[in-house]
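Written below as structure tokens is the structure these notes are about.
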Amino acid sequence: MKRILGISLLALFILASLVQAIHAEPRIIFQMNDSKGDDYGAGKLLYPTHDVFVRGLFDLQKFEVVEDLDHLYFYFTLATLTNPFGAPEGYFHQRIDLYIHLEQGGNNEIELGDYLLKTSPEYGWQVHLAVAPFNETFILVETEGESRVYSEGITSWVLEDDRTILVQVDKNLLPKPEASWSYYVLVGSFDGLASDFWRDLGADSWQLRGEGVPVFDILAPRWGSKNQKRQLTQGLLYPVRAKEHRLKRYVLLLLGFVMLIFVFILWRWHYGRA
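The sequence shown maps to residues 2 to 275 in the working numbering.
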């Protein structure tokens, strides 16, 4: 009997350790690749002509959301990053807006300087993460009838690949991450003197050229009715939906469950012989 009890306690200890390890390891909440070479907005937006604006600065190629015990991490991978004016974060050109739909309701308007876009009616946003260099990154949370803005507890930097901007947010600033979250990601050009720091169209070499809202890229499917060109032309944006990545977690839990079944069978066998 003591032997069976010891085996059972060992199995429970192993299962508890597995559960603790599952919750401690970083968890991918969402990830999606974006089409390469689509940094043209609604189709006719052009880079400024000044030499510092090299091709690919505004070409979003991947977006990822990861959580651990203390932080939520947002990864924005672009075709290229440069820092010609020594911004402390390691990037200068990018002005990125992330809007998150948490639940039913929310704000259906997205303001970009003097421009106004609409979201899909059923997918209003409750969280707005504004990413910009020179310590201009902040997060706005609109839940439970309150609007709160945070600039502390948020940091951003460039990863060693020199293509990815990582924004780290303290988890106590946001609601608990869920697989049901949906995302709007918009990429433009940073201008420290412009409204909301979104560089606008104009005639000089530092201004955007062409036509359309000053958004070079959004996270969107390449084809179909919700492609980037269609969304930005109509001024109506649709989010990308989150998918949960829990295969490893399921495997570990399954192993723990199988172990408990083994202990139960061993226990039945022992008492069946008695």
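Just so it is clear, CB atoms sit at the ideal spot from N, CA and C, and this is done for glycine as well.
Keep in mind that this is a model prediction, so the values were computed, not measured.
C-alpha distance - residue i paired with residue j, whole-angstrom precision
| i | j | result |
| --- | --- | --- |
| residue 26 | residue 77 | 21 Å |
| residue 13 | residue 266 | Because residue 13 sits at a pLDDT of 48, beneath the cut-off of 50, its placement in the model cannot be relied upon, and the point is left open. |
| residue 141 | residue 124 | 17 Å |
| residue 212 | residue 50 | 15 Å |
| residue 71 | residue 108 | 27 Å |
| residue 216 | residue 184 | 16 Å |
| residue 164 | residue 262 | 48 Å |
| residue 67 | residue 86 | 30 Å |
| residue 55 | residue 73 | 31 Å |
| residue 149 | residue 168 | 19 Å |
| residue 30 | residue 75 | 10 Å |
| residue 202 | residue 195 | 11 Å |
| residue 135 | residue 105 | 34 Å |
| residue 110 | residue 89 | 31 Å |
| residue 34 | residue 166 | 15 Å |
| residue 206 | residue 200 | 12 Å |
| residue 101 | residue 228 | 19 Å |
| residue 208 | residue 214 | 13 Å |
| residue 221 | residue 138 | 23 Å |
| residue 233 | residue 126 | 18 Å |
| residue 246 | residue 69 | The predicted model places residue 246 with a pLDDT of 39, which falls under 50 and marks its position as unreliable; any figure quoted below should be read in that light. Rounded to whole angstroms, residue 246 to residue 69 spans 14 Å at the Cα level. |
| residue 103 | residue 153 | 22 Å |
| residue 240 | residue 122 | 11 Å |
| residue 143 | residue 65 | 22 Å |
| residue 84 | residue 129 | 25 Å |
| residue 115 | residue 133 | 18 Å |
| residue 176 | residue 28 | 16 Å |
| residue 146 | residue 204 | 42 Å |
| residue 238 | residue 32 | 19 Å |
DSSP-derived helix/strand/coil call for residue i
| i | result |
| --- | --- |
| residue 86 | coil |
| residue 75 | strand |
| residue 1 | Residue 1 is absent from the structure shown; the chain starts at 2 and stops at 275. |
| residue 198 | helix |
| residue 117 | strand |
| residue 173 | helix |
| residue 183 | strand |
Cβ-Cβ distance between residue i and residue j below 8 Å
| i | j | result |
| --- | --- | --- |
| residue 98 | residue 131 | yes |
| residue 52 | residue 113 | no |
| residue 119 | residue 236 | yes |
| residue 186 | residue 219 | yes |
| residue 44 | residue 230 | yes |
| residue 174 | residue 151 | yes |
| residue 276 | residue 36 | The requested residue 276 does not occur in the structure, where the chain is confined to residues 2 to 275. |
| residue 47 | residue 210 | yes |
Task: Contact between the segment 155-168 and the segment 180-200 (3+ Cβ pairs under 8 Å) - done: no
Task: Cβ pair count under 8 Å reaching 3, the segment 87-95 against the segment 186-196 - done: yes
- [ ] Tell me, please, whether the segment 58-69 touches the segment 31-42 by the rule of three or more beta-carbon pairs shorter than 8 Å.
- [x] yes
Open item on the list: Could you tell me which whole beta strand (DSSP E) segments of length 3 or greater appear in the segment 118-150?
Closed with: 128-132 and 139-144
- [ ] List in chain order: all unbroken beta strand (DSSP E) runs of 3+ residues lying wholly within the segment 20-73.
- [x] 28-34 and 61-68
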